[in-house]
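What follows is one structure encoded as structure tokens, with my remarks underneath.
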Amino acid sequence: RPGDSSGRHSRRQRAPHLLASRSVWIEANWKGAVTVMDVFMAGELHVKDALGSIGDGFGYSLTTGDINGDGYGDIAVGAPYHSNSSGSRVNSGRVYIYYGSGRPDGGYSVRPEPTVLEAAEWKTGRFGHSLANVGDVDEDGLDDLAIGCPYCGPAGNGEVHVFLGRRGRPISRRPHQVLRAEDHTLDDGTVLKQFGWSVTGGVDIDGNGYPDVVVGSHSSAAITLYRTRPAVRLSVGQGDLRAPDRIDVRRCGDGSDVGDCRIRLSGSFRLACGSQVNLTGRQLDVEMRLDSDSRQAPSRKRLHWATSRNDVIIRRVKLGCNESFEFEELADIVPATARADLVTPIVAQLRLAPAWQSADWGTPQADGANSPMRPALHPASDTAADFPDMEPLRPECGPDNVCRPGLRLRLQRARLGELDDDADIDDASSGVVIYGGERGTRVRLQALVENSGEAAHEPVLRLRLPARVDVQWASESGLMADEVRCGEAAESADVGERVLACSLGRQLPGLAPGQAPVVVVAELSLGAHLESGGGANFTVHAAVSCQEAAASDEGTSSAASFDFAVFSRAELRLTGAAASRDVVIDARTEAVTPQAGRRYRLETLGAHFNHSFEFFNAGPSPLLNVEVNLTVPVETESGDTLVYLLDRIALATADRNWERLTAAPRVLEATSDRQLRGAACNFGQLNGLNLTLWREAETLPVLLNATTKPHPGGRQRRD
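So the mapping is simple: the working numbering equals the position in the sequence shown, first residue as 1, plus 3.
Written as structure tokens, this is what we have:
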């Protein structure tokens, strides 16, 4: 009979019913179904598998019991071969709990929406292979359920999950206890296999007044008996947290009446025992842990207990069956942490834990006589409770308890490294930026947030940055410096722009004399995308606002902007020197050809001179595409030909080590269409030598050599 399989009659006496299941049924689209019939084989009621698929094995296992305590039998149906649609969990299994109900005509019905139980962590466990109503193991008047999962567990050896009934509520989807194969071994030391292939219960085997559970292990040809122990419950009663009507945190700790900053907390808890629990005059140790401000970290708690000056009280209490314990504690405001957070509610929490594991308890006698057994804590015990939230501490919000802040935002420039020093920006309002090229142009922007009014609730600073401006965040000194948290906001921005939001903590108090504002520092990097001579400009827009509900929006927000102008600044210096050299021109070439069709061997060349021209950029910006033009004579006064070999040496490192480029020298010569007539010499010109000058030097050596040339009358000269 539904609701009667534990051996007891249900509260509603009615005709018994029969249940039959089939895992494949044509009328259920080839899926499983369960049929409920009366003893006269009439009034059929079909429970079909509406959530599974063909092959799930819906109805493979079946049991009944009054799980929710409404007097109607509930039906548990196993589908051990259920697999998910993606195929990642094959034969993981399911159990459906259908809750019984009555009909107007007094008949029996089943609610269509079941509770679905799974062992989701085991992909191929075959959860629901066996089912059993194991009776009322926790003595709460409700039937409890054991579900076998023969391939669950880390090694796939099997588990049995125990679910306790819950009065007036659906069964919990999480098991209250898990029995594991690894906890048992055979005589040869091997672990049980296929543990949970079968399971049964509901019978008091050892005679201690509690129904026991038997689990079968198919592959191991073994059964395991679980003796049920007495269970006790811990429950927390109604608590009370009382505080003065107005707490002015500014006065706490200044020697004023301690009662103005003291909070009173009271509450109780109870140890409940079932009728079968026999403690024979014993008392159980219960550990209570009382946290004054449970939602805050230890360093940020705003209450200390007056008796211990700590924020947590740990105490052991002895209780007998069905006894209660009442407590009352006093707590004082901690001024430093309370001023930093005046908005977050103060929530005191009580936690209870059994402390009787080490006690000397008896075991059941062989003749079945009741002897004291160490009780277990009922898994449904209320071992933790939050006391009513204390109203936020808001002493700066005026008599009407409505905060009217006075937010003010300022943006200013801060010095950052060598480039800013060179730019000579002593004025914090200056937005002039000297371009630094590929080496990066960085600026530092400070946002200063002040509150001249009452407390500002959850202030947020937002900065809108133009395209191609990167940022790194840092927070400096200020009342809430530790609370600053910045990140890119999800809110929409113009194409290419970024919006960055900085939370400034739960509450920003009004400024007291000598109190520093909140300072948020944004370090902006312009990269190399600005041209050196372009004079690029950009603007950073900022706004600060709070979420405090006030009668007026005045003072709840403030906005500011800062304009940057990017310029290049460089100083070019040119120096030159010449000296004679008595060396070979260049060992890398065997000959040079200053004129087409004419060849000069090295031994035919005359004396040569080394002319060096040094181009130096004093910075700070780079000079791009610098064009160097050289105008040089091509003949001596006597008509000897002058040959030039051009090479380039560049400063490569900051320690002024020079590195010769690997390119071969070039021969320079003036052609007829580029000749310029001087006093006694012909001149040629080299155009378009491009250089990029950073804040360092480039040197251009020119090797000048005079060749021997015959003159009229047979005379030769050499210069």
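The beta carbon of each residue, even a glycine, is placed where N, CA and C say it ideally should be.
- Task: Count the other CB atoms, across all protein chains shown, that sit within 10 Å of the CB of Ala184; report buried if there are 16 or more and exposed otherwise.
- Result: As a position in the sequence shown, residue 184 is number 181, starting the count at 1. By the neighbour-count definition (other C-beta atoms within 10 Å, threshold 16), Ala184 is a buried residue.
- Query: Does any heavy atom of the ligand NAP sit closer than 7 Å to the C-beta of Leu466?
  - Reply: With respect to small molecules bound, the structure shown includes none, and the ligand NAP cannot be examined in it.
- Query: Looking only at C-alpha atoms, which of Asp215, Gln241, Val202 and Arg232 sits nearest to Ala225?
  - Reply: Translated into the one-based positions of the sequence shown, residue 225 becomes position 222. It is Val202.
- Message: Beta-carbon within less than 6 Å of Asp59's beta-carbon, same chain only, minus the 5 sequence neighbours each way: which residues are those?
- Response: Start at 1 with the first residue of the sequence shown, and residue 59 comes out as number 56. So the list reads Ala82, Tyr84 and His85, once near-sequence residues are dropped.
- Item | Ser24 burial status per 10 Å Cβ neighbour count (16 or more: buried) | Here residue 24 is taken as the residue at index 21 of the sequence shown, counted from 1. Buried, by the Cβ-count rule.
- Message: In whole angstroms, give me the CA-to-CA distance for Gly156 and Val181.
- Response: Translated into positions along the sequence shown, residue 156 becomes position 153. Translated into positions along the sequence shown, residue 181 becomes position 178. Whole-angstrom Cα-Cα distance: 10 Å.
- Message: Looking at His307: is its Cβ nearer than 8 Å to the Cβ of Asp141?
- Response: As a working note, residue 307 is residue 304 in the sequence shown. As a working note, residue 141 is residue 138 in the sequence shown. In this structure, Asp141 does not lie closer than 8 Å to His307 by Cβ.
- Item | Span of the alpha helix (DSSP H), counted from its first residue to its last, around Arg342 | If you number the sequence shown from 1, residue 342 lands on position 339. For Arg342, the enclosing alpha helix (DSSP H) starts and ends at Pro338 to Ala343.
- Item | Integer-rounded CB distance, given that Ile150 should sit under 8 Å from Gly131 | One-based indexing of the sequence shown puts residue 131 at position 128. One-based indexing of the sequence shown puts residue 150 at position 147. About 6 Å separates the two Cβ atoms, so the contact holds.
- Using alpha carbons as the reference points, say which of His179, Gly159 and Arg172 lies closest to Val165. Within the sequence shown, numbered from 1, the residue matching residue 165 stands at position 162. That would be His179, whose Cα lies nearest to the Cα of Val165.
- Do you know whose CA, among Lys126, Leu189, Phe198 and Leu167, lies nearest Gly161's CA? As a working mapping, residue 161 is identified with position 158 in the sequence shown. Looking at the Cα atoms, Phe198 is the closest of the given residues.
- Taking only the alpha-carbon atoms, compute the straight-line gap between Gly242 and Leu355 and give it to the nearest angstrom. Residue mapping note: residue 242 aligns to position 239 of the sequence shown, counting from 1. Residue mapping note: residue 355 aligns to position 352 of the sequence shown, counting from 1. Between the C-alpha atoms of Gly242 and Leu355 there is a straight-line separation of about 14 Å.
- Item | Three-state secondary structure (DSSP) of Pro469 | As a working mapping, residue 469 is identified with position 466 in the sequence shown. DSSP, reduced to helix, strand and coil, places Pro469 outside both helices and strands of the structure shown, so it counts as coil.
- Item | Between the CA atoms of Ala53 and Glu116 - distance to the nearest angstrom | Translated into positions along the sequence shown, residue 116 becomes position 113. Translated into positions along the sequence shown, residue 53 becomes position 50. Rounded to whole angstroms, the gap between the alpha carbons of Glu116 and Ala53 is 9 Å.
- Message: For Leu448 and Gln415, I'd like the C-alpha separation in whole angstroms.
- Response: In the sequence shown, residue 448 corresponds to position 445, counting from 1. In the sequence shown, residue 415 corresponds to position 412, counting from 1. Each residue's Cα considered, the two are about 6 Å apart.
- Query: According to the neighbour-count rule (16 or more other Cβ atoms, all chains shown, within 10 Å of its Cβ), is Trp28 buried or exposed?
  - Reply: Against the sequence shown, residue 28 aligns to sequence position 25. A residue is called buried once 16 or more other Cβ atoms fall within 10 Å of its Cβ, and Trp28 is buried on that count.
- Query: Within 10 angstroms of its Cβ, does Asp473 collect 16 or more other Cβ (buried), or is it exposed?
  - Reply: Within the sequence shown, residue 473 is the residue found at index 470, counting from 1. The residue is exposed, with fewer than 16 neighbouring Cβ atoms inside 10 Å.
- 8 Å contact criterion, which Thr731 and Asn94 should meet: CB distance rounded: Because residue 731 is not part of the residues shown, which for the chain are 4 to 722, the question remains open.
- Query: Within 10 angstroms of its Cβ, does Leu21 collect 16 or more other Cβ (buried), or is it exposed?
  - Reply: Residue numbering aside, residue 21 sits at position 18 when the sequence shown is read from its first letter. With fewer than 16 other Cβ atoms within 10 Å, it is exposed.
- Message: One question on the structure: do Asn211 and Leu274 come within less than 8 Å of each other, judged by their Cβ atoms?
- Response: Numbered from its first residue, the sequence shown carries residue 211 at position 208. Numbered from its first residue, the sequence shown carries residue 274 at position 271. The answer is no: Cβ separation not under 8 Å.
- Task: Would you mind working out which of Cys505, Trp33, Ser112 and Val235 sits nearest His49, comparing C-alpha positions?
- Result: As a working note, residue 49 is residue 46 in the sequence shown. Nearest of Cys505, Trp33, Ser112 and Val235 to His49, Cα basis: Ser112.
- Task: Closer than 7 Å by C-beta to Arg734: which residues in its own chain qualify, once you throw out the five before and the five after it? Chain order, please.
- Result: There is simply no residue 734 to check, as the chain begins at 4 and stops at 722 in what is shown.
- Message: So for Arg245, helix, strand or coil by DSSP?
- Response: Here the question's residue 245 lines up with position 242 in the sequence shown. DSSP, reduced to helix, strand and coil, places Arg245 within a strand of the structure shown.
- Query: Between Leu287 and Leu333, is the Cβ-Cβ spacing less than 8 Å?
  - Reply: Numbered from its first residue, the sequence shown carries residue 287 at position 284. Numbered from its first residue, the sequence shown carries residue 333 at position 330. Contact: no.
- Rounded straight-line distance, which links the Cα of Asp335 to that of Gln299: Residue 299 sits at position 296 when you count from the first residue of the sequence shown. Residue 335 sits at position 332 when you count from the first residue of the sequence shown. C-alpha separation (whole angstroms): 16 Å.
- If we ignore side chains and look at the alpha-carbon of each, how far apart do Leu422 and Leu511 end up? Within the sequence shown, the letter at position 419 stands for residue 422. Within the sequence shown, the letter at position 508 stands for residue 511. For Leu422, the predicted structure reports a pLDDT of 39, less than 50, and the residue's modelled location is therefore unreliable. A value from the coordinates is still provided. When the Cα atoms are used, Leu422 and Leu511 turn out to be separated by approximately 35 Å.
- Classification of Pro462 by the beta-carbon crowding that lies within 10 angstroms, buried from 16 upward: For the purposes of this step, residue 462 is taken as residue 459 along the sequence shown, with counting starting at 1. Classification for Pro462: buried.
- Do Ala546 and Ala525 come within 8 Å of each other at the CB atom, strictly closer than that value? Taking the sequence shown and counting its residues from 1, one reaches residue 525 at position 522. Taking the sequence shown and counting its residues from 1, one reaches residue 546 at position 543. Contact: no.
- Message: DSSP has Asn160 in a bridge; who is on the other side?
- Response: To locate residue 160, count along the sequence shown from 1; it is residue 157. Looking at the DSSP assignment, Asn160 forms no beta bridge with any residue, so it has no partner.
- Return the CA-CA distance between Val446 and Leu527, expressed in angstroms with no decimal places. The sequence position of residue 446 within the sequence shown is 443, counting from 1. The sequence position of residue 527 within the sequence shown is 524, counting from 1. Whole-angstrom Cα-Cα distance: 5 Å.
- Distance, Val217 Cα to Asp207 Cα: Residue mapping note: residue 207 aligns to position 204 of the sequence shown, counting from 1. Residue mapping note: residue 217 aligns to position 214 of the sequence shown, counting from 1. For Asp207 and Val217, the distance between alpha carbons rounds to 11 Å.
- Item | For Glu457, three-class secondary structure by DSSP | As a working mapping, residue 457 is identified with position 454 in the sequence shown. The answer is coil: DSSP assigns Glu457 none of H, G, I, E or B.
- Message: Can you tell me where the beta strand (DSSP E) holding Thr67 begins and where it ends?
- Response: Within the sequence shown, the letter at position 64 stands for residue 67. Counting along the chain, the beta strand (DSSP E) containing Thr67 begins and ends at Ser64 to Gly68.
- Query: Mind checking whether Tyr75 and Gly103 have CB atoms under 8 Å apart?
  - Reply: Within the sequence shown, residue 75 is the residue found at index 72, counting from 1. Within the sequence shown, residue 103 is the residue found at index 100, counting from 1. Yes. Within cutoff.
- Query: Who are Ser133's beta bridge partners in DSSP?
  - Reply: Taking the first residue of the sequence shown as position 1, residue 133 is located at position 130. Partner(s): Gly151.
- Item | Residues near Thr38 by beta carbon distance below 6 Å, same chain, minus five either side | The residue given as residue 38 occupies position 35 in the sequence shown. In the same chain as Thr38, and ignoring 5 residues on each side of it, the C-beta atoms closer than 6 Å to its own belong to Ala23, Glu47 and His49, in chain order.
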